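Participant: Each residue of the sequence shown is one higher than the one before, counting from 1 in full-length UniProt numbering. Think of the CB as a built atom: it goes at the ideal place given N, C-alpha and C, for glycine as much as any other residue. Only a predicted model underlies this, so the values are computations on that prediction, with no experimental measurement involved.
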Amino acid sequence: MNQPDPFTDFQRLSAEADNLAHDLAKFRQELNNVLEQNAELVIENKHLRGRLNDLAPQSEHGSQKDEMLPSRRNLEKLYDAGYHICNMMYGARRENNEPCAFCTAIIYGSGNRTNH
Ligand SMILES: [Zn+2]
């Protein structure tokens, strides 16, 4: 007695189509969020790369000052503004301003030997 009933089929398909439309709308919203976030990050990244190019020392003239270099000070500003300036996480936001050892190593030059 499983006679195909066109109307039942139609109702079933119609319900499935509704569900699908609902899922699609949800998915589209999620996709929008991701694309928005991505666009934001692309802009941030461009901005930060531009800044870094501005800050890059033109050449090494060997006239190293004891004071913090301007480029480092600017990196520190970016870091304080909540961005990573280290190679690992370059341009990413520091969530909750959590400290990053790689960033601070670049800013404060723990690689350089400092005699106290
Ligand atoms: Zn970092």
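Just to confirm, are R94 and C100 a CB contact at a threshold of 8 Å?
Facilitator: What you label residue 94 is simply residue 94 of the sequence shown in a count that begins at 1. What you label residue 100 is simply residue 100 of the sequence shown in a count that begins at 1. Yes. Within cutoff.
Participant: Does at least one heavy atom of ligand 1 sit under 7 Å from the Cβ of F102?
Facilitator: Within the sequence shown, residue 102 is the residue found at index 102, counting from 1. Yes, Cβ of F102 sits closer than 7 Å to a heavy atom of ligand 1.
Participant: With 16 as the cutoff for other CB atoms within 10 Å, does H22 come out buried or exposed?
Facilitator: Against the sequence shown, residue 22 aligns to sequence position 22. That one is exposed.
Participant: Closer than 8 Å by C-beta to R51: which residues in its own chain qualify, once you throw out the five before and the five after it? Chain order, please.
Facilitator: Walking along the sequence shown from the start, residue 51 turns up at place 51. Taken in chain order, the residues that qualify are N74 and L78.
Participant: Tell me the rounded alpha-carbon separation between Y108 and R72.
Facilitator: On the sequence shown, residue 108 is found 108 positions in, with the first residue counted as 1. On the sequence shown, residue 72 is found 72 positions in, with the first residue counted as 1. Near 8 Å, if we compare the C-alpha coordinates of R72 and Y108.
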